[in-house]
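K.L.:
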Amino acid sequence: MKVGGSLAGLMHAVVLKSLGRKVIVLESRKDHELHAEAAGLGMGPNAQKLAREYLGIDESFAIRAPGSQIISPDGEIVAELPPGFSVIMCTWGLVYERLKTNFLSLSKLSPASVYETGVRVNRFEYDGQDALVKVICTRKNETMDRVIEAPLVIGADGYRSSVRHQLQPDLKSNYAGYVAWRGSVPETQTPDALKGILEGKMIFTLLPGHYVLG
Numbered sequence: 106m107k108v109g110g111s112l113a114g115l116m117h118a119v120v121l122k123s124l125g126r127k128v129i130v131l132e133s134r135k136d137h138e139l140h141a142e143a144a145g146l147g148m149g150p151n152a153q154k155l156a157r158e159y160l161g162i163d164e165s166f167a168i169r170a171p172g173s174q175i176i177s178p179d180g181e182i183v184a185e186l187p188p189g190f191s192v193i194m195c196t197w198g199l200v201y202e203r204l205k206t207n208f209l210s211l212s213k214l215s216p217a218s219v220y221e222t223g224v225r226v227n228r229f230e231y232d233g234q235d236a237l238v239k240v241i242c243t244r245k246n247e248t249m250d251r252v253i254e255a256p257l258v259i260g261a262d263g264y265r266s267s268v269r270h271q272l273q274p275d276l277k278s279n280y281a282g283y284v285a286w287r288g289s290v291p292e293t294q295t296p297d298a299l300k301g302i303l304e305g306k307m308i309f310t311l312l313p314g315h316y317v318l319g
């Protein structure tokens, strides 16, 4: 049994499938809920390695970030910083769709894969002896529990994960001291102060008590 978010769950599933394992992924959100959070995504060295090895990326997959810009509240560029390590800029939706396509693709070398959305994992049972884990879950808008038995199950149910709570009941979530808001702006409406984003630069706009990352 494995816990993770949407992208993390699919990344693990793709790797496990490549090793010849049959994997079931149960995503708690529905398709429209997943795409509602889609926005920009920066990928560091480890994510790039996974994409190269398992997704067959090409040059159109992402934009390489040439560095960062620090912008003042007045929109003035305060500093230009070279990249400390390799980062490519992509979108959440594109990475998600490529991961899902890879995971669900048919292959003679790997077993069939299962990916379901809108399924909430309530709990799981494993006696430590049997080869299968029993997952008790509920499809959204339904009240009847479903029971799934499989050797490998990924419960992608986010930061308030019921799977994580069962595996690590003493683990508590602590407020980090800030709230992150995600959104997107049409390219034609991008303010002049943020034009560096169109070049793949990571933009930090420093404001009193908070900042905007583009």
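Taking this note's numbering, I'd label the letters of the sequence shown as residues 106 to 319.
Each residue gets a CB set at the ideal place from its N, CA and C atoms; glycine is no exception.
As the structure is a computational prediction, the values presented were derived from the model and not from experiment.
#1: If W197 and L146 are in contact, beta carbons under 8 angstroms, what's the gap, nearest whole angstrom?
#2: Evaluate D250 with the Cβ neighbour count: other Cβ atoms within 10 Å of its Cβ, from every protein chain shown; 16 or more gives buried, anything less gives exposed.
#3: Indicate whether the contact test is met: 3 or more Cβ pairs, each with one atom in the stretch 257-266 and one in the stretch 120-134, closer than 8 angstroms.
#4: Do the stretch 120-129 and the stretch 163-180 meet, that is, are 3 or more Cβ pairs less than 8 angstroms apart?
#5: DSSP three-state call for G145: helix, strand or coil?
#6: What do you get for S191, buried or exposed, if any count of 16 or more other CB atoms within 10 angstroms of its CB means buried?
#7: By the three-class DSSP mapping on this structure, what secondary structure does K122 have?
#8: According to DSSP, what are the bridge partners of L186?
#9: In the DSSP assignment, the beta strand (DSSP E) including G180 goes from what residue to what residue?
P.N.:
Result, derived from the coordinates:
#1: Indeed, because the Cβ distance is near 5 angstroms, the residues count as touching under 8 angstroms.
#2: Exposed, since its Cβ has fewer than 16 Cβ neighbours within 10 Å.
#3: The stretch 257-266, when compared against the stretch 120-134, does touch it at the 8 angstroms Cβ threshold.
#4: As far as the Cβ criterion goes, the stretch 120-129 does not touch the stretch 163-180, which means the pair count is below three.
#5: If DSSP states are grouped into helix, strand and coil, G145 belongs with the strands.
#6: With fewer than 16 neighbouring CB atoms inside 10 Å of its own CB, S191 falls in the exposed class.
#7: In the structure shown, K122 sits in a helix (DSSP, three-state: H, G or I).
#8: As computed with DSSP, L186 is found in a beta bridge with S173.
#9: Taken as a continuous stretch (DSSP letters only), G180 belongs to no beta strand (DSSP E), as it is neither H nor E.
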